[in-house]
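Numbered by my numbering, the letters in the sequence shown go through residues 193 to 870 in order.
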Amino acid sequence: MELTVDNRPFKHMLAPLDLGFTVLKNRILMGAMHTGLEEEKSGLSKLAAFYRERAQAGVALIVTGGFSPNMVGRLAPFSAKLTNRKEQARHVCITEAVHEAGGKIALQILHAGRYGYHPFIVAPSAIPSPITPFKPWTLSKRGIAKTIQQFARCAALAQEAGYDGVEVMGSEGYLINQFIVAHTNHRKDAWGGDFSRRMRFPVEIVRAIRAEVGPAFILIYRLSLLDLVKQGSSWEEIVSLAQAIEQAGATMINTGIGWHEARIPTIASMVPPGVFTPLTQRLKTAVHIPLITSNRINTPELVEEIIATQQADMVSMARPLLADPAFVEKALLDESAAINTCIGCNQACLDRVFVRQPATCLVNPRAGNETTLIYEQTQKVKKIAVVGGGPAGLAFAVTAASRGHQITLFEKESILGGQFNLAKTIPGKADFAESLRYYAYQLEKYKIETHLGKTAQLADLQRYDEIVLATGVMPRIPEITGIDHPSVMTYLEVLRQEKTPGKRVAILGAGGIGFDMAIWLTQPDLQGKTEIYQDFYARWGIDIFSDHPGGLVAPQLPAPQREVYLLQRKKEKFGVRLGKTTGWIHRLSLKQQQVRMLGGVVYELIDDEGLHLRIDEQKQCLAVDTVILCTGQVEYKPLYEPLKQQRQHVHLIGGAYKALELDAKHAIDQATRLAALI
Ligand code: NAP
Ligand code: SF4
193 MELTVDNRPF
203 KHMLAPLDLG
213 FTVLKNRILM
223 GAMHTGLEEE
233 KSGLSKLAAF
243 YRERAQAGVA
253 LIVTGGFSPN
263 MVGRLAPFSA
273 KLTNRKEQAR
283 HVCITEAVHE
293 AGGKIALQIL
303 HAGRYGYHPF
313 IVAPSAIPSP
323 ITPFKPWTLS
333 KRGIAKTIQQ
343 FARCAALAQE
353 AGYDGVEVMG
363 SEGYLINQFI
373 VAHTNHRKDA
383 WGGDFSRRMR
393 FPVEIVRAIR
403 AEVGPAFILI
413 YRLSLLDLVK
423 QGSSWEEIVS
433 LAQAIEQAGA
443 TMINTGIGWH
453 EARIPTIASM
463 VPPGVFTPLT
473 QRLKTAVHIP
483 LITSNRINTP
493 ELVEEIIATQ
503 QADMVSMARP
513 LLADPAFVEK
523 ALLDESAAIN
533 TCIGCNQACL
543 DRVFVRQPAT
553 CLVNPRAGNE
563 TTLIYEQTQK
573 VKKIAVVGGG
583 PAGLAFAVTA
593 ASRGHQITLF
603 EKESILGGQF
613 NLAKTIPGKA
623 DFAESLRYYA
633 YQLEKYKIET
643 HLGKTAQLAD
653 LQRYDEIVLA
663 TGVMPRIPEI
673 TGIDHPSVMT
683 YLEVLRQEKT
693 PGKRVAILGA
703 GGIGFDMAIW
713 LTQPDLQGKT
723 EIYQDFYARW
733 GIDIFSDHPG
743 GLVAPQLPAP
753 QREVYLLQRK
763 KEKFGVRLGK
773 TTGWIHRLSL
783 KQQQVRMLGG
793 VVYELIDDEG
803 LHLRIDEQKQ
813 CLAVDTVILC
823 TGQVEYKPLY
833 EPLKQQRQHV
843 HLIGGAYKAL
853 ELDAKHAIDQ
863 ATRLAALI
């Protein structure tokens with residue numbers, strides 16, 4: 193049956209949006225995300241390839257990562273800016289690529305204000321931020337007027353470079369937000385004081401840009417709907433700002449949530465789907481221009497519901513389009529099960545950007561590597577056996593099969609997924625199940641011969657051109673006296689529900705799995721239940737209807753389900769090796785659950801009394817009824833040596849290759865790169 197506008201799936205999501213002077217072909221906006229390519233030598237041509245792929249697959253409007261309108265507004269000393277014709281010329285490859293692919297693109301103008309990481313930062317008042325070590329200089333009145341003109345000049349340069357519009361970054365706590373909020377704006381002149389004066393800066397910026405670019409140019413203003421900081425805007429203030437921004441000439445308002453200094457998660461995996469969209473919906477009655485909603489919206493089903501029920505006019509997503517550039521195309525073909533879903537982990541995107549490495553994606557290593565990681569059809573079809581159906585084995589199998597190889601997959605368990613099957617049971621990690629759904633779809637699509645519940649033996653592996661061992665890891669069992677005591681269990685036994693922990697638990701090892709285990713033991717699993725929303729708002733102290741300034745109220749924490757100790761031998765801060773952008777959330781979550789964290793521990797004995805240990809030569813016994821081992825992993829690769837001895841072409845990937853600090857990001861990346869070459 194031919195698809196028509198009326199009967200096609202996701203018809204609200206795929207409906208055009210008429211902006212008067214131009215039409216967007218559907219309701220998906222690729223939200224601004226700094227990729228790190230903005231600063232790389234020849235990075236803009238890589239960005240062009242990155243955006244081209246997304247535009248080609250149907251994204252209606254892309255917004256670039258932030259470019260500063262001047263020197264002092266840069267995020268770091270060498271961060272991207274657009275201030276002159278030389279810089280402008282480098283952008284033409286981006287706009288041409290997107291237009292050739294049938295898309296539209298807007299440049300985000302971002303002035304970091306006091307969030308900049310250099311000594312020349314400026315702000316409305318000289319108040320340092322908690323997230324950078326530098327004290328900002330106070331902008332003079334002349335400086336303010338000049339900055340407004342620089343925003344307008346940046347927009348004009350973008351327009352001449354072929355952009356279809358700009359987005360003015362007015363949220364997340366950057367310069368514009370710093371003017372709006374009393375906590376960061378102590379000025380006594382015409383740019384500070386009551387709200388009408390504090391909001392003058394963004395309104396003048398929008399007005400100046402509109403005057404510069406004319407009426408037929410998209411001007412998105414990103415407005416903070418929930419600051420999540422003390423003395424943040426009240427709802428009344430947010431509404432009056434939105435109306436003034438509309439009056440000043442904005443085409444659309446995009447909704448931002450939370451300043452970067454806020455200690456409340458806004459995009460990480462434990463944030464429930466679409467949890468902030470009720471705020472966008474609330475604003476809809478107050479303004480006439482289209483509103484864009486965002487944050488943890490990663491499936492076409494959720495986008496469709498939001499647009500169909502008029503909670504917003506467009507949905508902004510950045511990470512889901514890193515994970516799958518063909519998100520829109522697959523929805524158009526009613527193949528949403530084929531979408532490689534973003535799991536909200538931040539591990540390969542934002543965590544890398546924070547350490548000045550280009551963003552890519554844990555579930556899609558090709559993101560940001562479009563010009564170098566290419567899956568070409570093979571000229572020589574090989575028969576390949578893959579042993580192990582965890583993330584590494586699955587990633588290898590589907591990528592190699594997509595290139596035309598014949599794959600046979602052996603998995604000793606009765607289900608696929610390996611460690612992802614464990615991860616999906618942790619509260620806040622439900623999206624790992626989406627990855628498994630994606631792989632199941634791809635196995636079917638490429639007709640990969642899959643043997644479940646089958647432990648591959650040497651005899652099974654004799655007729656292949658290549659053998660890929662993705663046999664994973666086994667929990668490390670440390671040498672502690674009493675390790676065989678009945679109270680001791682591994683994380684694997686707990687998460688597979690082979691053993692049941694008691695009410696007083698000591699977790700040995702505070703790596704990613706130790707932290708996950710502490711959450712699993714203390715928090716109820718509300719995944720998929722409607723209570724998850726109320727629980728999230730209450731736990732983090734969010735007044736979703738923002739009648740309190742900044743949307744903050746006192747958190748209400750349910751009593752923890754168990755008494756838990758999290759232990760490590762190192763003396764370092766807990767969780768320092770976790771993700772840059774999520775480690776603090778895990779630490780805070782454990783504090784909320786009253787998990788006691790003890791470092792510098794020497795384990796002495798486990799017996800009927802509990803766990804005996806020493807800290808700084810002080811002996812003590814934790815009277816626990818359960819000891820859970822989260823003490824890392826060792827490689828599991830029993831077939832490797834025998835296959836080598838047979839002179840077979842054998843490859844080790846994932847945890848079986850290297851278990852030390854193994855994570856899914858490395859495993860999938862390594863597997864995919866091997867599959868691209870083999
Ligand atoms: P891990 O990060 O290597 O942590 C294992 C911990 O066990 C170590 O921190 C170590 O701490 C302790 N340990 C190691 N050998 C020991 C021994 N012989 N006796 C007692 N304690 C010992 O491994 P993991 O927690 O299993 O995590 C595996 C990987 O998955 C990691 O890369 C992790 O980052 C990733 N992961 C990440 C997340 C997340 O970011 N949320 C979640 C899950 C997994 P001490 O030596 O100080 O005691
Ligand atoms: Fe999403 Fe994780 Fe990929 Fe980032 S790395 S885009 S959060 S799946």
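Even glycine gets a Cβ: it sits at the ideal position worked out from N, Cα and C.
For the pair GLY406 and GLY354, the Cα-to-Cα distance works out to about 14 Å. Between the stretch 348-362 and the stretch 397-416, the count of C-beta pairs closer than 8 Å reaches three or more; the two stretches touch. Excluding its 5 nearest sequence neighbours in each direction, THR722 has no C-beta neighbour in its own chain below 6 Å.
Note that the stretch 458-467 touches the stretch 607-624; at least 3 beta-carbon pairs, one per stretch, sit closer than 8 Å. Nearest to ALA648 by alpha-carbon distance, out of GLY308, LEU831, ILE845, HIS291, is LEU831.
In the three-state reduction of the DSSP assignment, GLN812 falls in the strand class, which pools E and B. Every beta strand (DSSP E) of 3 residues or more that sits fully in the stretch 281-357 is shown, in chain order, as 296-301. A residue is called buried when at least 16 other Cβ atoms come within 10 angstroms of its Cβ; ALA593 meets this threshold and is buried. When secondary structure is reduced to three states using DSSP, PHE624 falls in the helix class. Short note on PHE213: C-beta not closer than 7 Å to any heavy atom of ligand 1. Here TYR729 carries a helix assignment [DSSP, helix/strand/coil].
Assignment of beta-bridge partners to HIS452 by DSSP yields no partner.
Only exposed fits LEU869, as fewer than 16 other CB atoms lie within 10 angstroms of its CB. Distances between the C-beta of GLN760 and the heavy atoms of ligand 1 include at least one below 7 Å.
According to DSSP, SER508 shares a beta bridge with LEU221. Counted as a single uninterrupted DSSP element, the alpha helix (DSSP H) harbouring ALA587 occupies residues 583-594. Burial of CYS534 is indicated by the presence of at least 16 other C-beta atoms within 10 angstroms of its C-beta. In the three-state reduction of the DSSP assignment, PHE737 falls in the coil class, being assigned neither a helical nor a strand state. Residue range 696-700 is occupied by the beta strand (DSSP E) that includes ALA698. According to the DSSP assignment, ARG544 belongs to no beta strand (DSSP E) but to the alpha helix (DSSP H) extending over 542-546. ARG544 is a Cβ neighbour of ALA551, given a cutoff of 8 Å. For ARG865, the number of other beta carbons within 10 angstroms of its own is at least 16, and it is reported as buried. With at least 16 other beta carbons inside 10 angstroms of its own, THR663 counts as buried. Cβ atoms of ASN446 and ARG474 stay farther apart than 8 Å, at about 15 Å.
Pairing LEU749 with PRO716, the inter-Cα distance amounts to about 12 Å. Look at ALA540: its beta carbon is less than 7 Å from one of the heavy atoms in ligand 2.
As computed with DSSP, ASP799 is found in a beta bridge with GLY802. Between MET222 and ARG200, the C-beta gap is not smaller than 8 Å, which leaves the two residues out of contact.
Closer than 7 Å to some heavy atom of ligand 1: that does not describe the Cβ of ASP727. For ALA529, the distance from the CB to the nearest heavy atom of ligand 2 is not below 7 Å. In this structure, the CA atom of GLY536 is about 22 Å from the CA atom of PHE766.
The nearest non-hydrogen atom of ligand 1 is less than 7 Å from the C-beta of ASP855. When only Cα atoms are considered, PHE519 and LEU206 end up about 12 Å apart. Within the chosen limit of 7 Å, ligand 2 reaches the beta carbon of ALA515 through at least one heavy atom.
A residue is called buried once 16 or more other Cβ atoms fall within 10 Å of its Cβ, and LEU644, having fewer, is exposed. In the DSSP assignment, LYS476 falls within the alpha helix (DSSP H) that extends over 469-476.
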